[in-house]
Structures are given as C-alpha cells and as structure tokens.
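Written below as structure tokens is the structure these notes are about.
In my numbering, the protein residues as written are 14 to 108.
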C-alpha cells in the first residue's frame, strides 16, 4: 500500500481539478507498475511534495534509488539532461 499524503492530494486537486483527482486515483496503480517493471520496492514519499510524487525505493539488488512521477511532463528534456550528465553533479537516471 502506498502513502498519498493528504496535503499533496489537496494541492494536486486544487491545482489540476478533476484531472488531478483522476491522476491521484490512478497513482497507486502507477506506483505498483513501477515496482513491477523495475523490480523495486517503493517506500514512503519524501516530505513537502508539490507537483510530483517522489519517494525512495530499493532495487532487488539493494541499490537505493528515488522514484519520481507526476501528472504533467513539466520539463520534457529532463530525462535527456540526466542521461547526458550520467550522475555527475546530479542524480543518475536509472530508468
């Protein structure tokens, strides 16, 4: 079972309206799909969430990672930038 903080849910609904409510309804399934696809276990979310759900996770081999998912693709070039820097000076994109 995944923790969806009430203040995060309220913010998403206030900002995105019904689209946000629908995304929150799908969020547990999205997180479960992430666990299955990448064989990881997602922990409790970090504090002070705003537009994205961010939580620590552990891969099957014990590697600690972070999971980030959101309703919008606010920075569509972010994955490419993370791949380019490959963990030097910022987080490393795992998947």
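Think of the CB as a built atom: it goes at the ideal place given N, C-alpha and C, for glycine as much as any other residue.
Note that the coordinates shown come from a computational prediction; the quantities given were computed from them, not determined experimentally.
Member of the options whose CA lies at the smallest distance from the CA of residue i
{"i": "residue 64", "options": "45, 49, 20, 53", "result": "20"}
{"i": "residue 53", "options": "24, 80, 16", "result": "80"}
{"i": "residue 41", "options": "77, 67, 76, 71", "result": "67"}
Beta-carbon proximity check, residue i vs residue j, cutoff 9 Å
{"i": "residue 37", "j": "residue 82", "result": "no"}
{"i": "residue 70", "j": "residue 49", "result": "no"}
Residue i versus residue j: straight-line alpha-carbon distance, rounded
{"i": "residue 27", "j": "residue 75", "result": "37 Å"}
{"i": "residue 22", "j": "residue 60", "result": "13 Å"}
{"i": "residue 62", "j": "residue 32", "result": "18 Å"}
{"i": "residue 29", "j": "residue 78", "result": "28 Å"}
{"i": "residue 85", "j": "residue 25", "result": "11 Å"}
Local Cβ density within 10 Å of residue i, reported as buried at 16 or more and exposed below that
{"i": "residue 16", "result": "exposed"}
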